[in-house]
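Line order of the protein sequences matches chains A, B, C and D. Residues 108 to 240 in the numbering used here are what the first sequence spells out, letter by letter. Residues 108 to 240 in the numbering used here are what the second sequence spells out, letter by letter. Residues 783 to 860 in the numbering used here are what the third sequence spells out, letter by letter. Residues 783 to 860 in the numbering used here are what the fourth sequence spells out, letter by letter. Yeah, the Cβ is synthetic: ideal placement off N, Cα and C, and Gly gets one too. Bear in mind that the values here come from a model prediction, so they are computed numbers and not experimental data. One structure is given here, and the rest of the page talks about it.
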Amino acid sequence: MKNRYLVGGPITPLLISELMTLGNDDNGAGAVSIFIGKVRDDEVNGNRIKALEYSAYSEMAEKEADGIVKTVKAAFSDVRKVLLVHSTGIVKAGEASLFIMVTSGHRDHSMRACRHTLEMVKEKLPVWKKEIF
Amino acid sequence: MKNRYLVGGPITPLLISELMTLGNDDNGAGAVSIFIGKVRDDEVNGNRIKALEYSAYSEMAEKEADGIVKTVKAAFSDVRKVLLVHSTGIVKAGEASLFIMVTSGHRDHSMRACRHTLEMVKEKLPVWKKEIF
Amino acid sequence: MAARVIVLYFGAAQKVAGNASEDFMAEDTLSLRRQILERHPGMCRVTFRLALNRNLLKEDSLLKENDIIAILPPFEGG
Amino acid sequence: MAARVIVLYFGAAQKVAGNASEDFMAEDTLSLRRQILERHPGMCRVTFRLALNRNLLKEDSLLKENDIIAILPPFEGG
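Here you go:
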């Protein structure tokens, strides 16, 4: 299965900009909700996190991500597009590891579907992280 | 009062990209929620909307927008930044007229605060629109 | 005593008034509303609230010289 | 009859196993779990679920030749 939802390394501002352009070619969409998850420079036992290294069960993650997108589209009738990308590998503090974008006709469904997508990512994507100090 | 929240014309992809960079310099923010409101090419009595012309009571809108940002920051303790921009003047179908970005440590407050900001914009910003066909 | 105040029209109210702003002499907002409807009878078809010096009014208020009253039809931002 | 299956380790389980994948001979997932714990006693400290051929398992299942079993500690994406 081709990787459509996983990307190696951080989700760069350039990639975010490209994804936003991609999701933006629809003059019937009045609402765009985006969530970006970023690596925090948290302190753990006196040590500050420099990066997270994400690993994934790629084949299953691609299947699950595809299922999430289909579920969200089916659950929210006003939703028009759902984009979902998660990092694997090393993502430094301040960089993005998750990008979700949902467009819909009106605001309610894009916002609720964006949140629902995020909760499903947390619950269903087989991804793990390791702190790098 | 200097215009900080109102911008003439559409909120261009370039401006969105600049705003996102502006809100992104904070390694303690793990969550970024964005809402973009766009002009839809709706059909009204058989005519398709080409653009909306927004007018605002600018001085009051600036004051109200400032109040919205302060209220949201006070209501959601995990929120770190709130950016809010609304268009005035002509915005074509497919272009953005509203940009909201909220960052927070964790996902819950950024998402809820983003929605709350949007609802307050709808309720409190003295802005009007005229359809252009 | 009546004060000279400035009235700003927005949205549908501006269309009906045919003007962005006008001066009135009024003692309070109740009297001002009455005068606006006399000058622009079409305004009775427009739902609106008032702002006094950029603050939304929740009840009628006395007016003083150079107060700015804005006529605000329902907001349509977003 | 026992089938040769491939076990994939992820996250904390991979750290404990010291391997990304291993072969086992097992008839069902119950027997497979027992064998994994025998081979890697440290695995008893890892909470995990199983996926069979990329699908999360909700209950124990029979196994057939070349099945792929993934050992999945709690997910940490986002």
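Item checked: Element boundaries [alpha helix (DSSP H), containing B:His193] -> As a working mapping, residue 193 of chain B is identified with position 86 in the second sequence. Run containing B:His193: none in the alpha helix (DSSP H); it sits in the beta strand (DSSP E), Val186 to Lys199.
Notebook entry, point to check: Alpha carbon to alpha carbon, what distance is there between A:His216 and B:Met218?
Noted result: In the second sequence, the residue the question calls residue 218 of chain B occupies position 111. In the first sequence, the residue the question calls residue 216 of chain A occupies position 109. For B:Met218 and A:His216, the distance between alpha carbons rounds to 13 Å.
Notebook entry, point to check: With a cut-off of 8 Å, does the C-beta of A:Leu190 fall near any C-beta of chain F?
Noted result: Protein chains in the displayed structure are A, B, C and D, and chain F is not among them.
Notebook entry, point to check: What is the rounded straight-line gap between the Cα of B:Val189 and the Cα of C:Arg831?
Noted result: As a position in the second sequence, residue 189 of chain B is number 82, starting the count at 1. As a position in the third sequence, residue 831 of chain C is number 49, starting the count at 1. B:Val189 and C:Arg831: Cα-Cα distance of roughly 28 Å.
Check: According to a CB-to-CB cut-off of less than 7 Å, which residues of the stretch 825–859 of chain D neighbour chain A?
Finding: Ala833, Arg836, Ala852, Leu854, Pro855, Phe857, Glu858 and Gly859
Note to self: Any beta carbon from chain A within less than 8 Å of D:Gly800's own beta carbon?
What the structure shows: The residue labelled residue 800 of chain D in the question sits at position 18 within the fourth sequence. No, its Cβ sits nowhere closer than 8 Å to a Cβ of chain A.
Next item on the list: Would you mind giving the Cβ-Cβ distance between D:Met783 and D:Glu809, rounded to the nearest angstrom? I have them listed as a contact below 8 Å.
Entry: For the purposes of this step, residue 783 of chain D is taken as the residue at position 1 of the fourth sequence. For the purposes of this step, residue 809 of chain D is taken as the residue at position 27 of the fourth sequence. About 7 Å separates the two Cβ atoms, so the contact holds.
Checklist line | Where B:Ser165 sits in the DSSP three-state scheme | finding: In the second sequence, the residue the question calls residue 165 of chain B occupies position 58. B:Ser165 falls in the helix class under three-state DSSP.
Check: Hey, B:Ser204 and B:Lys157: beta-carbon distance below 8 Å or not?
Finding: Along the second sequence, one-based indexing puts residue 204 of chain B at 97. Along the second sequence, one-based indexing puts residue 157 of chain B at 50. No, these two residues do not count as a Cβ contact at 8 Å.
Note to self: I need the DSSP call for D:Ile850, collapsed to helix, strand or coil.
What the structure shows: Residue mapping note: residue 850 of chain D aligns to position 68 of the fourth sequence, counting from 1. Strand.
Item checked: Nearest-angstrom Cα separation, counted from B:Ile175 out to A:Met108 -> Here residue 108 of chain A is taken as the residue at index 1 of the first sequence, counted from 1. Here residue 175 of chain B is taken as the residue at index 68 of the second sequence, counted from 1. Legend: pLDDT at A:Met108 = 49, less than 50; position of this residue unreliable, value from coordinates given subsequently. Answer to the nearest angstrom: the Cα atoms are 46 Å apart.
Check: Going along chain A in order, which residues have a C-beta closer than 8 Å to the C-beta of D:Phe806?
Finding: Residue 806 of chain D sits at position 24 when you count from the first residue of the fourth sequence. The contacting residues do not exist; D:Phe806 stays about 18 Å from chain A at best.
Margin query: On a Cα-Cα basis, can you pick out the residue from A:Leu113, A:Phe240, A:Met227 and A:Ala220 that is closest to A:Ala163?
Written below: In the first sequence, the residue the question calls residue 163 of chain A occupies position 56. With distances taken between Cα atoms, A:Ala163 lies closest to A:Leu113.
Notebook entry, point to check: Comparing the C-beta of C:Leu790 with each C-beta of chain B, is any distance below 8 Å?
Noted result: Translated into positions along the third sequence, residue 790 of chain C becomes position 8. C:Leu790 counts as touching chain B.
Item checked: For C:Phe792: DSSP bridge partner residues -> For the purposes of this step, residue 792 of chain C is taken as the residue at position 10 of the third sequence. Per DSSP, none; premise fails for C:Phe792.
Note to self: Taking 8 Å as the cut-off, does the stretch 792–806 of chain D touch the stretch 813–828 of chain C (at least 3 CB pairs, one atom from each stretch)?
What the structure shows: no
Check: Quick one: what does DSSP say C:Lys797 is sitting in, helix, strand or coil?
Finding: As a first step, residue 797 of chain C is located in the third sequence; it is residue number 15 there, counting from the start. Note: C:Lys797 maps to helix in three-state DSSP.
Notebook entry, point to check: Excluding the five sequence neighbours on either side, which residues of its own chain have a C-beta within less than 8 Å of the C-beta of B:Phe240, listed in chain order?
Noted result: Translated into positions along the second sequence, residue 240 of chain B becomes position 133. Contacts found: Val151, Asn154, Arg155, Ile156 and Lys157.
Item checked: Cβ of A:Glu166 within 8 Å of any chain D Cβ -> Residue numbering aside, residue 166 of chain A sits at position 59 when the first sequence is read from its first letter. Closer than 8 Å: yes.
Note to self: Just to confirm before moving on: does the CB-CB distance between B:Met127 and B:Met227 stay below 8 Å?
What the structure shows: Looking up residue 127 of chain B in the second sequence gives position 20. Looking up residue 227 of chain B in the second sequence gives position 120. Not in contact: B:Met127 and B:Met227 (Cβ atoms no closer than 8 Å).
Checklist line | Contact set between A:Met227 and chain B, taken where Cβ atoms lie within less than 9 Å | finding: Locating residue 227 of chain A in the first sequence gives position 120, where the first residue counts as 1. Under the 9 Å cutoff, chain B gives no residues; its nearest Cβ is about 13 Å from A:Met227.
Notebook entry, point to check: So, helix, strand or coil for A:Lys229, using DSSP?
Noted result: The count along the first sequence starts at 1 and reaches residue 229 of chain A at position 122. The answer is helix: DSSP assigns A:Lys229 an H, G or I state.
Next item on the list: Let me know the secondary structure DSSP gives A:Met208 once reduced to three states.
Entry: Translated into positions along the first sequence, residue 208 of chain A becomes position 101. It is a strand residue.
Next item on the list: Would you mind giving the Cβ-Cβ distance between B:Val192 and C:Glu858, rounded to the nearest angstrom? I have them listed as a contact below 8 Å.
Entry: Position 85 of the second sequence, counted from the first residue, corresponds to residue 192 of chain B. Position 76 of the third sequence, counted from the first residue, corresponds to residue 858 of chain C. 17 Å between Cβ atoms; not a contact.
Next item on the list: Look at the Cβ atom of C:Val787, then the Cβ atom of C:Leu838, and state whether they are nearer than 8 Å.
Entry: Within the third sequence, the letter at position 5 stands for residue 787 of chain C. Within the third sequence, the letter at position 56 stands for residue 838 of chain C. Contact flag unset, no.
Check: If you run the structure through DSSP and keep just helix, strand and coil, what is A:Ile175?
Finding: Residue mapping note: residue 175 of chain A aligns to position 68 of the first sequence, counting from 1. Here A:Ile175 sits in helix by DSSP.
Margin query: Can you check which of these residues, A:Val198, A:Phe142, A:Pro117 and A:Thr210, is closest to A:Lys237 by C-alpha distance?
Written below: Your numbering for residue 237 of chain A matches position 130 in the first sequence. Nearest option by C-alpha distance: A:Val198.
Checklist line | Integer-rounded CB distance, given that B:Arg111 should sit under 8 Å from B:Glu160 | finding: Stepping through the second sequence from its first residue, residue 160 of chain B is reached at position 53. Stepping through the second sequence from its first residue, residue 111 of chain B is reached at position 4. Not really, about 22 Å apart at Cβ, beyond 8 Å.
Checklist line | Own chain residues within Cβ distance below 7 Å of C:Gln796, not counting five before or after | finding: As a position in the third sequence, residue 796 of chain C is number 14, starting the count at 1. For C:Gln796, where only same-chain residues beyond five positions count, the Cβ hits under 7 Å are Ala802.
Next item on the list: Ignore the nearest five residues each way along the sequence and tell me which others in B:Glu202's own chain have a CB closer than 7 Å to its CB.
Entry: As a first step, residue 202 of chain B must be located in the second sequence, where it is residue number 95. Closer than 7 Å at the Cβ level, and outside the excluded window around B:Glu202, lie Pro117, Lys145 and Val146.
Notebook entry, point to check: In three-state DSSP terms, what is B:Gly144?
Noted result: Looking up residue 144 of chain B in the second sequence gives position 37. Residue state, collapsed to three classes: strand.
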